[in-house]
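Residue numbers (the working numbering): -19 to 405.
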Amino acid sequence: MRVFVIGSGAREHALVWKLAQSPRVTKIYAAPGNPGMTPYAERVPLGVNQLHELAAFAKNNSIDFTIVGPEAPLIEGIVDLFRRRGFNIFGPDKAGAALEGSKAFTKELLTQAGIPTAQHRTFNDYTKARAYLEQHGAPIVVKADGNAAGKGAIVALDMNTAQEALKQMMVDHIFGAAGNIVVLEDYLEGDEIGATAICNGNSFLPLALSQDHKRALDNDKGLNTGGMGVFTPLPFVDTTTSERIYREVIASTLNAMQNTGVNFTGVLYSNIMLTASGPMVIEHNTRFGDPETQAFMLLLKEDILNVLEFASGRQVNPDTLWHPGSAVSLTLASGGYPGSYRSGIPITGVEEASKLDQVQVFHAGTALKDNQLVTAGGRVLSIVARGNSLQEAVDRAYDAARYISFEGMHYRKDIAHRGLEAIKH
-19 MRVFVIGSGA
-9 REHALVWKLA
1 QSPRVTKIYA
11 APGNPGMTPY
21 AERVPLGVNQ
31 LHELAAFAKN
41 NSIDFTIVGP
51 EAPLIEGIVD
61 LFRRRGFNIF
71 GPDKAGAALE
81 GSKAFTKELL
91 TQAGIPTAQH
101 RTFNDYTKAR
111 AYLEQHGAPI
121 VVKADGNAAG
131 KGAIVALDMN
141 TAQEALKQMM
151 VDHIFGAAGN
161 IVVLEDYLEG
171 DEIGATAICN
181 GNSFLPLALS
191 QDHKRALDND
201 KGLNTGGMGV
211 FTPLPFVDTT
221 TSERIYREVI
231 ASTLNAMQNT
241 GVNFTGVLYS
251 NIMLTASGPM
261 VIEHNTRFGD
271 PETQAFMLLL
281 KEDILNVLEF
291 ASGRQVNPDT
301 LWHPGSAVSL
311 TLASGGYPGS
321 YRSGIPITGV
331 EEASKLDQVQ
341 VFHAGTALKD
351 NQLVTAGGRV
361 LSIVARGNSL
371 QEAVDRAYDA
381 ARYISFEGMH
391 YRKDIAHRGL
401 EAIKH
């Protein structure tokens, strides 16, 4: 089978690495890909938003199966385009991707379906939004309605932060048209986790629960990022809570979508707050998480192609999906990230780290310059380790990090702290 992976980050590198292990896969292409993928995939010089060129490539190269990594092409309707041309593609259509593409649409859907989520108000007028903010007070969450590449949700613990976030979105347009409509919602207290499922209409295959570390610095300090690391599964979530999440959030959302006439296929990855009154949806994503996917791919025992094909009707046994134990991913970031940072800085030690037992290093923001691997993004590398225990996986990831070096490199030293604390008690 000839497979086409669209995207260039560590998530896509992990998918390519896992696909290369499938006996059913004969050839992998990646657009635009990254240097880490070259042992497994032929890179194609096309951007993720060049939808028509990507479809033409799929036709000209007899692609059997396409997998879309990032959200932007899904929101733009790449799945609709491919399906119109008779191509097999994994992911939701444009109507399904609205679950990620429009915060306002999703909040309305959740509220009408009675799916637990924070109280909210939606505004397309800055003056009215500002008046509501003054009346509501902080803490509050300010969200750009559209796709802002994971950076459009500001948790404002004080009024200054809230006012500035609202002004930046609606007046300064730092996220462009994504901020024309803004959702203001109540701040939720609790543990934030992720629930991922492969979906086919009303049926779904639950993957493991995970916990991302969004803040740039230890102890959840610093600015929000695309994700500094993740661990899975979660020792502090019991079976009852887990089943409740999949029933009240995933199943209920798929049913609500069907009631609006949308047969959702692909990945539903939900950010959930475990509050004192139960699990509540923060937001839905309609593609694999990053860095969650990297950890999943190391822990996954089943052929990834079989898992993805659940979305088109293949039967998969959920009891034989995983290797025993835990997986941890650790993001190595450029100095200054998530603010401004330099690129083109030489990287050393990736090969040495990759040789360690049960460790993989996935490229996120790298490039080759005169045959030297250099930095080319905020999140540069994703180190992933598997272990029989969570502690073993954590130790392996941090051991691997010591081999890798580039000027300004920083990473969190407390990935999986919540899980390790839960095991101790």
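We treat Cβ as the ideally placed atom computed from N, Cα and C, and that holds for glycine.
Inside the segment 122 to 151 only - alpha helix (DSSP H) runs reaching at least 4 residues: 139 to 150
Could you name the residues of the same chain whose beta carbon sits closer than 6 angstroms to that of T102, not counting the 5 residues immediately before and after it, in chain order? Against the sequence shown, residue 102 aligns to sequence position 122. Excluding sequence neighbours, T102 sits near A84 and V163.
Neighbour-count burial assignment, I403, 16 or more Cβ in a 10 Å radius: Here residue 403 corresponds to residue number 423 of the sequence shown, with the count starting at 1. So I403 ends up on the exposed side.
Please classify N182: is it buried, with 16 or more other beta-carbons within 10 angstroms of its beta-carbon, or exposed? Locating residue 182 in the sequence shown gives position 202, counting from the first residue. So N182 counts as exposed.
Using CA coordinates, which residue listed in I178, D105 and L185 is at the minimum distance from M149? One-based indexing of the sequence shown puts residue 149 at position 169. Of the candidates I178, D105 and L185, the one whose C-alpha sits nearest the C-alpha of M149 is D105.
Best match in K201, K194, E387 and C179 for proximity to K131 [C-alpha to C-alpha]: The residue given as residue 131 occupies position 151 in the sequence shown. It is K194.
Check for me: the alpha helix (DSSP H) holding N243 runs from which residue to which? Taking the first residue of the sequence shown as position 1, residue 243 is located at position 263. Taken as a continuous stretch (DSSP letters only), N243 belongs to no alpha helix (DSSP H), as it is neither H nor E.
Taking contact to mean at least 3 C-beta pairs separated by less than 8 angstroms, is the segment 113 to 122 in contact with the segment 294 to 310? no
Does the structure place the segment 310 to 322 close enough to the segment 212 to 222 that three or more beta carbon pairs sit under 8 angstroms? no
Between the Cα of I327 and the Cα atoms of L54, G345, V121 and P25, which residue gives the shortest distance? In the sequence shown, the residue the question calls residue 327 occupies position 347. Among L54, G345, V121 and P25, the Cα nearest to that of I327 belongs to G345.
What are the boundary residues of the beta strand (DSSP E) that S183 is part of? Within the sequence shown, the letter at position 203 stands for residue 183. Segment S183 to P186, the beta strand (DSSP E) holding S183.
How many Å lie between A373 and T311 at the Cα? Within the sequence shown, numbered from 1, the residue matching residue 373 stands at position 393. Within the sequence shown, numbered from 1, the residue matching residue 311 stands at position 331. Computed Cα separation, rounded: 14 angstroms.
Mind checking which residues open and close the beta strand (DSSP E) that includes E33? Here residue 33 refers to the residue found at position 53 of the sequence shown. From DSSP, E33 is part of no beta strand (DSSP E) but of the alpha helix (DSSP H) over L31 to N40.
How big is the Cα-Cα spacing for F342 and T273? For the purposes of this step, residue 342 is taken as the residue at position 362 of the sequence shown. For the purposes of this step, residue 273 is taken as the residue at position 293 of the sequence shown. Rounded to whole angstroms, F342 to T273 spans 11 angstroms at the Cα level.
Cutting at 8 angstroms between CB atoms, please list the residues of its own chain near K201, excluding the five before and the five after it. Counted from its first residue, the sequence shown places residue 201 at position 221. Result list for K201: R195, in chain order.
Minimum C-alpha distance to Q92 - residue among L400, S306 and N235: Numbered from 1 along the sequence shown, position 112 holds the residue referred to as residue 92. If we check each option's Cα against that of Q92, N235 comes out closest.
So what does DSSP say about G57, is it helix, strand or coil? Numbered from its first residue, the sequence shown carries residue 57 at position 77. Coil at G57, not helix or strand.
Is the separation between the beta-carbon of I178 and that of V261 shorter than 8 angstroms? For the purposes of this step, residue 178 is identified with residue 198 of the sequence shown, where counting begins at 1. For the purposes of this step, residue 261 is identified with residue 281 of the sequence shown, where counting begins at 1. Not a contact, by the Cβ cut-off of 8 angstroms.
Compute the Euclidean distance between the alpha carbons of K74 and V247, then round it to the nearest angstrom. By 1-based counting over the sequence shown, the position of residue 74 is 94. By 1-based counting over the sequence shown, the position of residue 247 is 267. Going by the C-alpha atoms only, they are around 13 angstroms apart.
If I measure Cβ to Cβ from A118 and keep anything under 7 angstroms in the same chain, skipping five residues before and after, which residues do I get? On the sequence shown, residue 118 is found 138 positions in, with the first residue counted as 1. The answer, listed in chain order, is A136, L137, D138, M139 and A142.
Between the Cα of I47 and the Cα atoms of I69, G27 and H397, which residue gives the shortest distance? As a first step, residue 47 must be located in the sequence shown, where it is residue number 67. Of the listed residues, the one whose Cα sits closest to I47 is I69.
Run through DSSP, which three-state label would V330 get? Position 350 of the sequence shown, counting from 1, holds the residue named residue 330. Helix at V330.
Let me know if S320 comes out buried or exposed under the rule of 16 or more other beta-carbons within 10 Å of its beta-carbon. Position 340 of the sequence shown, counted from the first residue, corresponds to residue 320. Per the 10 Å Cβ criterion, exposed.
Identify every residue that forms a DSSP beta bridge with G174. Counting from 1 along the sequence shown, the entry for residue 174 is found at position 194. For G174, which the question treats as bridged, DSSP gives the partners S190 and N251.
Go ahead and label P259 buried or exposed: buried means 16 or more other beta carbons lie within 10 angstroms of its beta carbon, across all protein chains shown. The count along the sequence shown starts at 1 and reaches residue 259 at position 279. The residue in question, P259, is buried, as its Cβ has 16 or more Cβ neighbours within 10 Å.
Under 8 angstroms between C-beta atoms of G66 and D192: Translated into the one-based positions of the sequence shown, residue 66 becomes position 86. Translated into the one-based positions of the sequence shown, residue 192 becomes position 212. Contact flag unset, no.
The beta strand (DSSP E) with G367 in it runs from where to where? In the sequence shown, residue 367 corresponds to position 387, counting from 1. Looking at the DSSP string, the run of the beta strand (DSSP E) that includes G367 is R359 to G367.
If we ignore side chains and look at the alpha-carbon of each, how far apart do A0 and L336 end up? To locate residue 0, count along the sequence shown from 1; it is residue 20. To locate residue 336, count along the sequence shown from 1; it is residue 356. Cα-Cα distance, rounded: 20 angstroms.
Tell me, which residues are paired with T9 by DSSP? Here residue 9 refers to the residue found at position 29 of the sequence shown. A small correction: the amino acid at residue 9 is Tyr; Thr does not occupy that position in the sequence shown. F(-16) and E22, per the DSSP bridge assignment.
Reducing DSSP to helix, strand and coil, say where N204 ends up. Taking the sequence shown and counting its residues from 1, the one referred to as residue 204 is at position 224. If DSSP states are grouped into helix, strand and coil, N204 belongs with the strands.
Does the distance from the C-beta atom of R267 to that of P50 stay below 8 angstroms? Position 287 of the sequence shown, counted from the first residue, corresponds to residue 267. Position 70 of the sequence shown, counted from the first residue, corresponds to residue 50. Cβ atoms of R267 and P50: closer than 8 angstroms.
Using 8 angstroms as the threshold, is the C-beta distance between R(-18) and S42 below it? To locate residue -18, count along the sequence shown from 1; it is residue 2. To locate residue 42, count along the sequence shown from 1; it is residue 62. Their beta carbons are under 8 angstroms apart, which means R(-18) touches S42 by this criterion.
What are the residues that DSSP puts in a beta bridge with M260? Walking along the sequence shown from the start, residue 260 turns up at place 280. In DSSP, M260 forms a bridge with M253.
Taking the Cβ atom as the reference point for each residue, do N127 and I55 lie within a distance shorter than 8 angstroms? Against the sequence shown, residue 127 aligns to sequence position 147. Against the sequence shown, residue 55 aligns to sequence position 75. Yes. Within cutoff.
Please state the DSSP three-state secondary structure of Q274. The residue given as residue 274 occupies position 294 in the sequence shown. Of the three classes helix, strand and coil, the one that applies to Q274 here is helix, per DSSP.
Rounded C-alpha distance that separates D375 from T220: Counted from its first residue, the sequence shown places residue 375 at position 395. Counted from its first residue, the sequence shown places residue 220 at position 240. Roughly 30 angstroms between the two C-alpha positions.
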